[in-house]
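Numbering (our numbering), first residue to last: 669 to 1260.
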């Protein structure tokens, strides 16, 4: 063999080894999914099942790859990333060390988020070791925290599932399927899923977990006497409300705010945080009513305060609390959460104070007080001790996730993005830019607070625009709380908010006539639980193998290795043949 041939052979062998790793270099697991879709032919809609292969590979770097012979829409791409992130965090898996690939086996374009619920449930199944039945399929989009939300074209999709031989189809809770007597098609059983966790159990032939008793949450027992500090603000807000009642012309509003204030005083000793939240609402309603009638200046005059003074006091309290955190060694989780809540409220108050709108200025005043209240709990040693390094990583993950949740919302509700502003009148993009800036500057508490607020905003929009029953939302909030218990890291903000949602929020809803209050609080509780759940998912030493379902990729990495050997063998044969020809020609030249 000539030297050039030898060098070529060595180069090809190296390329083959790099391109086709040995079985020990990576591992993967696959699931074959039948994704339900709706297509249009000659103006007529029809359902179909799109075969797809879902592959999880580790170790990886957190990438999501979608493959198809045709175009893939942006909402499909971003919803799949959301599905991966939320499934990993709920399963206790660090998403930074795994790669996800989905191959859509269709010649048609792929678009829309309606398969994201199925993808999230399938990923969750892989991570916790469940095996979905090959006779089951699913439709529904995932929310930012893993609720399964309604989708269009359900009847067409069910017909397609029945036609392709599926016996069970998992669907969201949506009225059209519950009320349509002609569905499901013959031979098809429909099961309803509230969340991707429920869907994973149903796909595997099980049943969702139902709580037989409600959680008995006592914040004073769970979080200690620190939360008793909210009692001062419950009484302050209630007394301020009572000062304003006589200046409210609308008798109905005056009665509502007075009753809220007095109920808050009644429960202040037993439930200080819930009392402060109820009193905050009473003062906000009273202040906005006075501001609408007499101008914002009347609110300050009647209360004997100024927004500049309250902001200055809040700023001093928050800055002092922040100075105690240097993010080295270990940090108290609850103290950090309190600081994040305080920084978020101060951030909102400072921007809202610049507004010319009367109700926004009222919000600025009250949020400044609220920032001060949370700052009093922001001690570096308060709560379970966690690694500050892991806490920083968790915040980075959440800021990145907040950006994707916004992209998700923008991809499916363009009209919302174009017209809506945050409570301080600015855009979500501006808030997210500030979160990234805070992260770059090491202000992890502010970055976390803004990121979670944005995710909460997105989640409130997605869920309140969907007909999910309140029992689904409240029940799942309780299950997420139990999940935190199980992982040994209960969040302060999620725990306090859920205690209010399951308790005095019903009284607040009855007094105000707004029966969405408990649901909204439950959503906020779930969103804030993302911080402790992300923390317990982080693996600083790399990616452990998840508890994989039996339906793993059959010898995929071994097949790659064999393929590399085949390629090398083929190259060797070609080079040997070329070498033989060269030798023969050389002999002929000698003979001639």
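Beta carbons: idealized from backbone N, C-alpha and C, even for Gly.
Sorting 902, 1124, 953 and 909 by C-alpha distance to the C-alpha of residue 1042 places 902 at the top. Closest in alpha carbon position to residue 714, among 1150, 1170, 1034 and 824, is 824. DSSP, read as helix, strand or coil, puts residue 1172 in coil. Here residue 899 is near residue 936, since their CB atoms are less than 9 Å apart. A Cβ-Cβ contact shorter than 9 Å links residue 1180 with residue 928.
In the three-state DSSP reduction, residue 898 falls in the helix class (H, G or I). When beta bridges are read from the DSSP output, residue 698 appears opposite 723. Annotation for residue 1202: the continuous alpha helix (DSSP H) segment containing it runs 1185 to 1205.
Minimum Cα-Cα distance from residue 969 among the listed residues 1031, 1059 and 911 corresponds to 911. Selection 808, 1007 and 1206 evaluated against residue 826 yields 808 as nearest (Cα-Cα). Non-local beta-carbon contacts of residue 986 in its own chain, meaning distances under 7 Å to residues more than five positions away in sequence, involve 1010, 1011, 1014, 1039 and 1043 in chain order. The region 1133 to 1150 makes no contact with the region 993 to 1001, as fewer than three CB pairs between them are under 8 Å. With contact defined as three or more Cβ pairs closer than 8 Å, the region 863 to 881 and the region 890 to 899 are not in contact. Inter-segment contact for the region 1091 to 1108 and the region 795 to 802 is absent: fewer than three beta-carbon pairs are separated by less than 8 Å.
Going by DSSP, residue 956 is part of no beta strand (DSSP E) but of the alpha helix (DSSP H) stretching over 940 to 962. With a cutoff of 9 Å on beta-carbon distance, residue 1005 and residue 1156 are scored as not near each other. Pairing residue 933 with residue 906 gives a Cβ-Cβ distance under 9 Å. Within its own chain, the residues whose Cβ lies closer than 7 Å to the Cβ of residue 1051, once the five positions on either side in sequence are excluded, are 1000, 1001, 1002, 1003 and 1160, listed in chain order.
For residue 953, the closest of 1120, 1182, 1167 and 862 by C-alpha to C-alpha distance is 1182. Listed as beta-bridge partners of residue 862 by DSSP are no residues whatsoever. Beta-bridge annotation (DSSP): residue 1026 is not paired with any residue. For the pair residue 1091 and residue 1028, the CB atoms are nearer than the 9 Å cut-off. Residue 866 and residue 876 have their alpha carbons spaced roughly 5 Å apart.
Counting along the chain, the unbroken beta strand (DSSP E) around residue 840 starts and ends at 836 to 840.
Shown here, residue 761 sits in coil according to DSSP, grouped into three states, outside any helix or strand. Per DSSP, the beta-bridge partners of residue 999 are 1054. Within the same chain, Cβ atoms closer than 7 Å to the Cβ of residue 1060 are found at 995 and 1112, the five residues on either side in sequence being excluded. In terms of Cβ geometry, residue 864 and residue 732 do not form a close pair [threshold 9 Å]. In the three-state scheme derived from DSSP, where H, G and I count as helix and E and B as strand, residue 708 is classed as strand.
One alpha carbon belongs to residue 951, the other to residue 922, and they sit about 11 Å apart. Fewer than three pairs of CB atoms, one per stretch, sit closer than 8 Å, so the region 703 to 720 makes no contact with the region 739 to 750. For residue 1101, the enclosing alpha helix (DSSP H) has its first and last residue at 1096 to 1108.
Cβ-Cβ separation between residue 1073 and residue 760: approximately 20 Å, too far for a contact (criterion under 8 Å). One alpha carbon belongs to residue 1193, the other to residue 841, and they sit about 21 Å apart. Between residue 768 and residue 748, the C-beta gap is smaller than 9 Å, which places the two residues in contact. Counting only the Cα atoms, residue 751 lies some 10 Å from residue 781.
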